[in-house]
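Chains as they are written, first to last, in my numbering: chain A, 1 to 188; chain B, 1001 to 1241.
Every residue gets a Cβ at the ideal spot worked out from N, C-alpha and C, and that includes glycine.
The structure displayed is predicted, hence computed values, not measured ones.
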Amino acid sequence: MRAFLLFLLLCVAPACRQDMHDQPKVEPFEASDFFADGRSARPQVEGTIARGELSLDEHLAAGRVDGELATTFPFEVTAEVMERGRGRYAIFCAPCHGSVGHGDGMIVQRGLRAPTSFHSERLRESPPGYFFDVITNGFGAMFDYADRITPRDRWAIVSFVRALQLSQNAELADAAPEARRVLEEEGS
Amino acid sequence: MAQIFHPSANLVAKATIFGAAFIAAGALWIGDRVHRSPYITQAQVAREQPVPFSHKHHVKGIGLDCRYCHGSVEEGAFAGIPPTKTCMTCHSQLFTDAPMLEPVRESWRTNKSVEWVRVHDLPDFAYFNHSIHVAQGVGCSTCHGAVDEMPLVWREHSLNMDWCLACHREPERFIRPRESIFDMDWETPIAWSALDGDTRSILQAAGVESDPVLQADLGPALVEAYGIVTAQLENCSMCHR
């Protein structure tokens, strides 16, 4: 009888251990009692570069050419780049700058300081490198987005902002012939 | 000596032996129910957080996209929990003296992390990856429920293995178009006109013409087009590596 009870106990006992549920490895952001600040994710050592993130291309990574704000894009702006930019703009910029860029996004309506419209004279004249620079380093009350948006995506966003600016300041003559006919008919 | 047991005791004895089987089965059944109940799985139980962060206000109210805060959900296994800096992009100016945001401001001043309480946590022996699900047409709300309606996050599902397998056996019951992954209100049947151009051509290629489109038509067409191989989705080594 005693042997049987012992056997029963042995059968049930393994279920009490949770070791395999919480193994000594760390999952992302798991608290750690090893480091003084309690974080398992360690800050990058000053001056180190993550694998694959070295960029010697100042134009692509810093938006500058010879120290001046770039006036061109570091790669060709294709329809895909523009599409990518549209998506990223909707996620990261539209909440404040508004879906068309007038600076009237939802957060501004809730009391954030209103940014200048992208369709103002000054920002239409600004080079692409300026927008890249603002995303990378922030501007006044706007925080930087360098840790959340990769350089390629930042350029994609800039290309989309450029497209927005053109769309809001287009002349009738800029429209494709098809569209122009429709617009003219509607206008008259 | 008189008989202690009446002859009918035989029947009682038999019934008890027979009944024991039911009692054992009943105990197992109760055990299983408890194991699957919210008491163990924590499904549908909202967690207290150090800051009462409301997805309802931030997602439904002001229309933020999940990726504004959970930025690695498309590329990584881990969806990402936003750092204090993300909150401060807005709360350095909005609600700057609300007491409930004090832990966030303190974290910003002292560089100490806000200690969010994990809501979803698989055992360490199970492997999960967000990016493959997001890329293959499983939307956030399929697994997490209507997060945009949650004042505090809870688990919509048990996260038990049978829940994973229920979908891995028949993904066509849940798959949606890739463009709608972040759409919290996604629902089938869906009107043809609400679908994206790519999805329409997938459906046309599969010969589906109904309007509204049913999941029974949409699912298999997408599984085919996205190249999802159902046969391998039940391999133990895929989740227990």
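- Look at A/Ala-90: its C-beta is under 8 angstroms from a C-beta on chain B.
- Beta-bridge partners assigned by DSSP to A/Val-65: A/Glu-68.
- Chain-order list of chain B residues neighbouring A/Ile-107: Ile-1062 and Cys-1090, by C-beta distance under 7 angstroms.
- With fewer than 16 other Cβ atoms inside 10 Å of its own Cβ, B/Cys-1236 counts as exposed.
- Judged by DSSP secondary structure, B/Gly-1197 falls within the alpha helix (DSSP H) whose first and last residues are 1197-1205.
- Residue state for A/Phe-160 is assigned as helix, using DSSP reduced to three classes.
- In the structure shown, A/Ala-31 falls within a strand segment according to DSSP collapsed to helix, strand and coil.
- For the pair B/His-1120 and B/Asp-1183, the Cα-to-Cα distance works out to about 21 angstroms.
- Between the C-alpha atoms of A/Ile-91 and B/Leu-1064 there is a straight-line separation of about 7 angstroms.
- Selection B/Gly-1076, B/Ile-1017, B/Phe-1128 and B/Glu-1224 evaluated against B/Pro-1171 yields B/Glu-1224 as nearest (Cα-Cα).
- Three or more beta-carbon pairs separated by less than 8 angstroms are not found between the region 1113-1133 of chain B and the region 1006-1017 of chain B, which leaves the two stretches without contact.
- Assignment of A/Met-82 by DSSP, reduced to helix, strand and coil, places it in the helix class.
- The C-alpha of B/Ala-1002 lies about 33 angstroms from the C-alpha of B/Ala-1021.
- A distance below 8 angstroms separates the beta carbons of B/Gly-1145 and B/Glu-1156.
- Secondary structure note for B/Lys-1085: its alpha helix (DSSP H) is the uninterrupted segment 1084-1091.
- Counting C-beta pairs closer than 8 angstroms gives three or more between the region 87-102 of chain A and the region 138-154 of chain A, which meets the contact rule.
- The Cβ of A/Leu-5 sits no closer than 8 angstroms to any Cβ of chain B.
- Taking a cut-off of 8 angstroms for Cβ pairs, the region 110-121 of chain A and the region 1102-1109 of chain B do not touch, as fewer than three such pairs fall below it.
- Cβ contact annotation for B/Ser-1113 (same chain, cutoff 7 angstroms, sequence separation greater than five): Ser-1107, in chain order.
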